[in-house]
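Asks:
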Amino acid sequence: SVSEVDVDTTAAAPLAGDIPPAFTAVDVDGETVSLADYEGEPVWLLFAATWCTSCRSEAPDVQAAYEATGIPVLTVYLGEDTPAITSYADMAGLTFTHIPDPNNEIAAAYGVMGIPAHIFIGADGVVRETAVGSLSPGRIDQILSALVG
Numbered sequence: 009s010v011s012e013v014d015v016d017t018t019a020a021a022p023l024a025g026d027i028p029p030a031f032t033a034v035d036v037d038g039e040t041v042s043l044a045d046y047e048g049e050p051v052w053l054l055f056a057a058t059w060c061t062s063c064r065s066e067a068p069d070v071q072a073a074y075e076a077t078g079i080p081v082l083t084v085y086l087g088e089d090t091p092a093i094t095s096y097a098d099m100a101g102l103t104f105t106h107i108p109d110p111n112n113e114i115a116a117a118y119g120v121m122g123i124p125a126h127i128f129i130g131a132d133g134v135v136r137e138t139a140v141g142s143l144s145p146g147r148i149d150q151i152l153s154a155l156v157g
């Protein structure tokens, strides 16, 4: 399922074959994170929120896939700040990268209209697949296998 979000944007969401918009942000640990830092490796960019039921439901599957594959997961939290995200991530046992997007600037650049929103980027920096809504563990495995294959 999908949770609709109200992001003030005129940007179109990137599609397979597109170069995703560049961004630099500070994660919940105070580290600067840039999409460019991951050049040469695949990346799973995930837009979510701590209040999103579907996001919360699929979080253990995202964590399991991250642990199994080592593919970097960059989760951008719409309209949320570090304390809320850190509390949620700690409670849920999530160890991938968490990026606050309190003003929805990153979400706006990506044309996010519903969450969870998944953007799978190949090692060449090109979007390979996108999906909006919860993904099953089988679908996650399928997409990640194709991403590194």
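The sequence shown begins at 9 in this note's numbering and counts up one residue at a time.
All C-beta atoms, glycine included, are put in the ideal place defined by N, C-alpha and C.
What is the rounded straight-line gap between the Cα of Pro-80 and the Cα of Ala-154?
Replies: 15 Å
Asks: Where Leu-86 and Pro-124 are concerned, what is the direct C-alpha to C-alpha distance, given to the nearest angstrom?
Replies: 10 Å
Asks: DSSP three-state label for Tyr-118, please.
Replies: coil
Asks: Identify the residues that DSSP records as bridge partners of Val-84: which are they?
Replies: Answer is Phe-55 and Ile-107.
Asks: Using the beta-carbon count (16 or more within 10 Å), is Thr-58 buried or exposed?
Replies: buried
Asks: Along the alpha helix (DSSP H) that carries Val-70, what are the first and last residues, could you check?
Replies: Per DSSP, the unbroken alpha helix (DSSP H) holding Val-70 starts and ends at 61-77.
Asks: Give me the DSSP bridge partner(s) of Glu-113.
Replies: DSSP lists no partner for Glu-113.
Asks: Buried or exposed: which applies to Ser-9, given that a residue is buried once 16 or more other Cβ atoms fall within 10 Å of its Cβ?
Replies: By the neighbour-count criterion, in which a residue is buried when 16 or more other Cβ atoms sit within 10 angstroms of its Cβ, Ser-9 is exposed.
Asks: Between which two residues does the beta strand (DSSP E) carrying Val-135 extend?
Replies: 135-140
Asks: Hey, how far is the Cα of Ser-95 from the Cα of Ala-117?
Replies: 26 Å
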